[in-house]
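Chains as they are written, first to last, in the numbering used here: chain Y, 682 to 905; chain F, 682 to 905.
Number of protein chains: 2
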Amino acid sequence: MPELDVKQKVLAANQAAAAALRRTFRDQRTLVVNLISSPGSGKTTLLEATVARMKDRYRLGGLDGDIATERDADRLRKAGIPARQILTGGACHLDARQVDTALAEEGETLRGLDILFIENVGNLICPTSYDLGEDFKVVLLSTAEGDDKPFKYPAIFARSKVAVLTKVDLLPHVDFDVAAVRAQVATLNPGARFVELSARTGEGMEAWCALLAEELREKRSKAV
Amino acid sequence: MPELDVKQKVLAANQAAAAALRRTFRDQRTLVVNLISSPGSGKTTLLEATVARMKDRYRLGGLDGDIATERDADRLRKAGIPARQILTGGACHLDARQVDTALAEEGETLRGLDILFIENVGNLICPTSYDLGEDFKVVLLSTAEGDDKPFKYPAIFARSKVAVLTKVDLLPHVDFDVAAVRAQVATLNPGARFVELSARTGEGMEAWCALLAEELREKRSKAV
Numbered sequence: 682m683p684e685l686d687v688k689q690k691v692l693a694a695n696q697a698a699a700a701a702l703r704r705t706f707r708d709q710r711t712l713v714v715n716l717i718s719s720p721g722s723g724k725t726t727l728l729e730a731t732v733a734r735m736k737d738r739y740r741l742g743g744l745d746g747d748i749a750t751e752r753d754a755d756r757l758r759k760a761g762i763p764a765r766q767i768l769t770g771g772a773c774h775l776d777a778r779q780v781d782t783a784l785a786e787e788g789e790t791l792r793g794l795d796i797l798f799i800e801n802v803g804n805l806i807c808p809t810s811y812d813l814g815e816d817f818k819v820v821l822l823s824t825a826e827g828d829d830k831p832f833k834y835p836a837i838f839a840r841s842k843v844a845v846l847t848k849v850d851l852l853p854h855v856d857f858d859v860a861a862v863r864a865q866v867a868t869l870n871p872g873a874r875f876v877e878l879s880a881r882t883g884e885g886m887e888a889w890c891a892l893l894a895e896e897l898r899e900k901r902s903k904a905v
Numbered sequence: 682m683p684e685l686d687v688k689q690k691v692l693a694a695n696q697a698a699a700a701a702l703r704r705t706f707r708d709q710r711t712l713v714v715n716l717i718s719s720p721g722s723g724k725t726t727l728l729e730a731t732v733a734r735m736k737d738r739y740r741l742g743g744l745d746g747d748i749a750t751e752r753d754a755d756r757l758r759k760a761g762i763p764a765r766q767i768l769t770g771g772a773c774h775l776d777a778r779q780v781d782t783a784l785a786e787e788g789e790t791l792r793g794l795d796i797l798f799i800e801n802v803g804n805l806i807c808p809t810s811y812d813l814g815e816d817f818k819v820v821l822l823s824t825a826e827g828d829d830k831p832f833k834y835p836a837i838f839a840r841s842k843v844a845v846l847t848k849v850d851l852l853p854h855v856d857f858d859v860a861a862v863r864a865q866v867a868t869l870n871p872g873a874r875f876v877e878l879s880a881r882t883g884e885g886m887e888a889w890c891a892l893l894a895e896e897l898r899e900k901r902s903k904a905v
């Protein structure tokens, strides 16, 4: 099976690059969060709202993966933090080498941050297998996407430390059973944190930002 | 570049299988529509509403690609048409061999249909390159996903004969510029048809069903 061999080799090379990144992030005492969701679940909008709440107290930065356009990194820069777009040239996920190259090319602005947000390519499947040296993955699901998604895309929900339900302001206008989604996530990943929020109205944003601050404190308390 | 070689070989093998499927569908006078979108854009909900409007006059059937669960094929069967689930074993798209195998295993119920709907795995990227022997691709985008998506995922919009904007009933509750999306689609694919609809309220469903009926007539008028 030559196709499988190649996939194994690609993943092994990625793992080595991710391990090196993880050492770098540990030395720089930076918390790294890898955000994964379908296109349009609201990753960039959540980050804009997060930046507005946290940028005065924390040094934040972003890496934005996309097939095409510089739009997401532009939005984060407008929100007031350094950000760099990674164009994947058609690939359906970021890999650790791309992250390493982007950080090297960007230089000082993304070094020694408190929190680095990596916004992956919009895709619930491909990014799951590619470690980027992050502290943890966050999977986002919007209330407009239907309440059957965790069981339909189980791997990413099983591997994400945090599941964020976005766009809860739309709940009155869609058929969506929040309890059913909570139950699916709990089945796939009993230790996962579950956050419900709307970046548009601000509901739930405080809990999300508190979670990030707590994870940063915890990482730094371990890295003595 | 062994990785690229393998990809080329996989795509060439898929193209051969797709060509054979296309001959079969031509002989059976079946219109085949390959529906592609992010998870949660409303492919299955659109098909349920389409079936309710068309099943009395047309022989319809469905193939549903997913990573996990039989849920989508179940929903189409409950809507009243034969349907078969294809579980891709983690792969982020359907391929022509999977379609061929599923049709062979299903036997009579999906043979000689008027229209066969193939609901691809929820993913705006990977399914783009895999021809399934379809007459045309339909890309779906929901009003909850943001109005920047065609330029961010250009390949699938460039290759789809029809772009469907779903969930227009949510327009009063989201920030979404329909004209901007129309303009992006027209830039990427000047010949594309653009349909706006809500499967939930029924708005736009008549135009969508008329388009399918017209495509079926046109295919059959050519295949003399």
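Just so it is clear, CB atoms sit at the ideal spot from N, CA and C, and this is done for glycine as well.
message: Quick test of the definition: if touching needs 3 or more C-beta pairs under 8 angstroms, does the region 828 to 844 of chain Y touch the region 874 to 882 of chain Y?
response: yes
message: When you compare the CB of Leu-846 of chain Y with every CB in chain F, is at least one pair closer than 9 angstroms?
response: The sequence position of residue 846 of chain Y within the first sequence is 165, counting from 1. No, because no Cβ of chain F sits closer than 9 angstroms to the Cβ of Leu-846 of chain Y.
field: In DSSP terms, what Asn-715 of chain F is bridged to
entry: Taking the second sequence and counting its residues from 1, one reaches residue 715 of chain F at position 34. Answer is F:Ile-799 and F:Lys-818, bridged to Asn-715 of chain F.
- request: Select from Y:Leu-897, Y:Gly-827, Y:Cys-890 and Y:Glu-884 the residue whose C-alpha is nearest the C-alpha of Arg-863 of chain Y.
  value: Indexing the first sequence from 1 puts residue 863 of chain Y at position 182. When only C-alpha atoms are compared, the closest one is Y:Gly-827.
query: Relative to the alpha-carbon of Glu-800 of chain Y, which residue among Y:Ala-861, Y:Ile-837 and Y:Val-819 has its alpha-carbon at the smallest distance?
result: Position 119 of the first sequence holds residue 800 of chain Y. Among Y:Ala-861, Y:Ile-837 and Y:Val-819, the Cα nearest to that of Glu-800 of chain Y belongs to Y:Val-819.
field: Beta bridge counterpart(s) of Val-845 of chain Y as assigned by DSSP
entry: In the first sequence, residue 845 of chain Y corresponds to position 164, counting from 1. Y:Leu-821 and Y:Val-876, per the DSSP bridge assignment.
Residue span of the beta strand (DSSP E) that contains Asp-747 of chain F, given as start and end: Mapped onto the second sequence, residue 747 of chain F falls at position 66. First-last of the beta strand (DSSP E) with Asp-747 of chain F: 741 to 747.
CB contact flag (Lys-724 of chain Y, Asp-816 of chain Y, <9 angstroms): Walking along the first sequence from the start, residue 724 of chain Y turns up at place 43. Walking along the first sequence from the start, residue 816 of chain Y turns up at place 135. Contact: no.
query: In chain F, what lies closer than 7 angstroms to Ala-826 of chain Y by C-beta?
result: Your numbering for residue 826 of chain Y matches position 145 in the first sequence. Looking at the sequence shown, residue 826 of chain Y is not Ala but Glu. Per Cβ cutoff of 7 angstroms: Pro-720 and Gly-721.
message: Please list the terminal residues of the continuous alpha helix (DSSP H) segment that includes Ala-894 of chain F.
response: The residue given as residue 894 of chain F occupies position 213 in the second sequence. Taken as a continuous stretch (DSSP letters only), the alpha helix (DSSP H) holding Ala-894 of chain F covers 886 to 903.
message: Taking DSSP's pairing of strands, which residues face Arg-768 of chain Y in a bridge?
response: Counting from 1 along the first sequence, the entry for residue 768 of chain Y is found at position 87. Looking at the sequence provided, one finds Leu at residue 768 of chain Y rather than Arg. Y:Asp-747, per the DSSP bridge assignment.
query: Which residue from Y:Glu-895, Y:Gln-865 and Y:Ser-879 puts its Cα closest to that of Phe-832 of chain Y?
result: Counting from 1 along the first sequence, the entry for residue 832 of chain Y is found at position 151. It is Y:Gln-865 whose Cα lies nearest to the Cα of Phe-832 of chain Y.
- request: Might you give, ordered along the chain, the residues of its own chain that have their beta carbon closer than 7 angstroms to the beta carbon of Thr-726 of chain Y, omitting 5 neighbours on each side?
  value: Here residue 726 of chain Y refers to the residue found at position 45 of the first sequence. Only Ala-880 meet the Cβ criterion.
task: Compute the Euclidean distance between the alpha carbons of Gln-779 of chain Y and Cys-807 of chain Y, then round it to the nearest angstrom.
output: By 1-based counting over the first sequence, the position of residue 779 of chain Y is 98. By 1-based counting over the first sequence, the position of residue 807 of chain Y is 126. Roughly 15 angstroms separates the two Cα atoms.
- prompt: Gly-814 of chain Y to Ala-700 of chain Y, Cα distance in whole Å?
  reply: Position 133 of the first sequence, counting from 1, holds the residue named residue 814 of chain Y. Position 19 of the first sequence, counting from 1, holds the residue named residue 700 of chain Y. Between Gly-814 of chain Y and Ala-700 of chain Y, the C-alpha separation is close to 6 angstroms.
field: Supposed close pair Leu-878 of chain F, Trp-889 of chain F - CB separation, criterion 8 angstroms
entry: For the purposes of this step, residue 878 of chain F is taken as residue 197 along the second sequence, with counting starting at 1. For the purposes of this step, residue 889 of chain F is taken as residue 208 along the second sequence, with counting starting at 1. Sure, about 6 angstroms apart at Cβ, within 8 angstroms.
Contact belief for Ser-718 of chain Y with Gly-803 of chain Y at Cβ below 8 angstroms, rounded distance in angstroms: Counting from 1 along the first sequence, the entry for residue 718 of chain Y is found at position 37. Counting from 1 along the first sequence, the entry for residue 803 of chain Y is found at position 122. At roughly 7 angstroms, the Cβ-Cβ gap stays under 8 angstroms, so Ser-718 of chain Y and Gly-803 of chain Y are in contact.
- prompt: Using the rule of at least 16 other Cβ atoms within 10 Å of the residue's Cβ for burial, across every protein chain shown, is Leu-893 of chain F buried or exposed?
  reply: Here residue 893 of chain F refers to the residue found at position 212 of the second sequence. Classification of Leu-893 of chain F: buried, given that the 10 Å Cβ count is 16 or more.
message: Which residue wins for smallest C-alpha separation from Asp-781 of chain F, given the options F:Met-886, F:Ala-693 and F:Phe-706?
response: By one-based count along the second sequence, residue 781 of chain F stands at place 100. The residue with the shortest Cα to Cα distance from Asp-781 of chain F is F:Phe-706.
task: Would you decide whether Leu-805 of chain Y is buried or exposed? Buried here means 16 or more other CB atoms lie within 10 Å of its CB.
output: Indexing the first sequence from 1 puts residue 805 of chain Y at position 124. Flag for Leu-805 of chain Y reads buried.
task: Provide the residue span of the alpha helix (DSSP H) that contains Glu-826 of chain F, from first to last.
output: For this step, residue 826 of chain F is matched to residue 145 along the second sequence. Per DSSP, Glu-826 of chain F belongs to no alpha helix (DSSP H) and is neither H nor E.
field: Among F:Leu-852, F:Lys-759 and F:Asn-695, nearest to His-774 of chain F - alpha-carbon criterion
entry: Here residue 774 of chain F corresponds to residue number 93 of the second sequence, with the count starting at 1. It is F:Asn-695.
- prompt: Excluding five sequence neighbours on each side, which residues of the same chain lie with their C-beta closer than 6 angstroms to the C-beta of Phe-857 of chain Y?
  reply: For this step, residue 857 of chain Y is matched to residue 176 along the first sequence. Here the set comprises Thr-824 and Asp-828.
Span separating the alpha-carbon of Leu-791 of chain Y from that of Tyr-811 of chain F: Numbered from 1 along the first sequence, position 110 holds the residue referred to as residue 791 of chain Y. Numbered from 1 along the second sequence, position 130 holds the residue referred to as residue 811 of chain F. Looking at the two C-alpha atoms, the distance is approximately 38 angstroms.
Short Cβ contact (9 angstroms threshold) for Pro-908 of chain Y with Gly-742 of chain Y: With chain Y represented from 682 up to 905, any question about residue 908 of chain Y goes unanswered, as that position is not in the structure.
field: Helix, strand or coil at Pro-720 of chain F [DSSP, three-state]
entry: To locate residue 720 of chain F, count along the second sequence from 1; it is residue 39. Three-state DSSP puts Pro-720 of chain F in coil, outside helix and strand.
Interface residues of the region 736 to 756 of chain Y facing chain F [CB-CB below 8 angstroms]: Asp-747, Ile-748, Ala-749, Thr-750 and Arg-752
- prompt: Sorted by chain position, which residues of the same chain lie with C-beta nearer than 8 angstroms to Ala-839 of chain Y's C-beta, five sequence neighbours on each side aside?
  reply: For this step, residue 839 of chain Y is matched to residue 158 along the first sequence. Excluding positions up to five away in sequence, the list reads Leu-869 and Asn-870.
query: For Ala-698 of chain Y, does the count of other Cβ atoms within 10 angstroms reach 16, so buried, or fall short, so exposed?
result: By one-based count along the first sequence, residue 698 of chain Y stands at place 17. Buried, since its Cβ has 16 or more Cβ neighbours within 10 Å.
- prompt: DSSP three-state call for His-854 of chain F: helix, strand or coil?
  reply: As a working mapping, residue 854 of chain F is identified with position 173 in the second sequence. Of the three classes helix, strand and coil, the one that applies to His-854 of chain F here is helix, per DSSP.
Below-9 angstroms beta-carbon distance, Gln-696 of chain Y vs any chain F residue: If you number the first sequence from 1, residue 696 of chain Y lands on position 15. Not closer than 9 angstroms to any Cβ of chain F, the Cβ of Gln-696 of chain Y fails to qualify, so no.
task: May I ask you to list, following chain order, the residues of the region 829 to 853 of chain Y that have a beta carbon less than 9 angstroms from some beta carbon of chain F?
output: Asp-829, Lys-830, Phe-832, Lys-833, Tyr-834, Pro-835, Ala-836, Lys-848, Asp-850, Leu-851 and Pro-853
field: Rounded Cβ spacing between Leu-716 of chain Y and Leu-851 of chain Y (contact assumed at less than 8 angstroms)
entry: On the first sequence, position 35 is the one that residue 716 of chain Y refers to. On the first sequence, position 170 is the one that residue 851 of chain Y refers to. Not really, about 20 angstroms apart at Cβ, beyond 8 angstroms.
task: Starting from Ile-806 of chain F, find everything on chain Y with Cβ-Cβ shorter than 7 angstroms and list it in chain order.
output: The sequence position of residue 806 of chain F within the second sequence is 125, counting from 1. Correct list: Ile-748, Cys-773 and Asn-804.
Spatial neighbours of Leu-692 of chain Y in its chain, beta-carbon cut-off 8 angstroms, leaving aside the 5 residues before and after: Start at 1 with the first residue of the first sequence, and residue 692 of chain Y comes out as number 11. Once the five neighbours on either side are set aside, the close Cβ partners of Leu-692 of chain Y are Ser-810 and Tyr-811.
field: Exposure label - Asp-665 of chain F; buried when at least 16 CB within 10 Å
entry: No information on residue 665 of chain F is available, as it lies outside the stretch 682 to 905 that chain F covers here.
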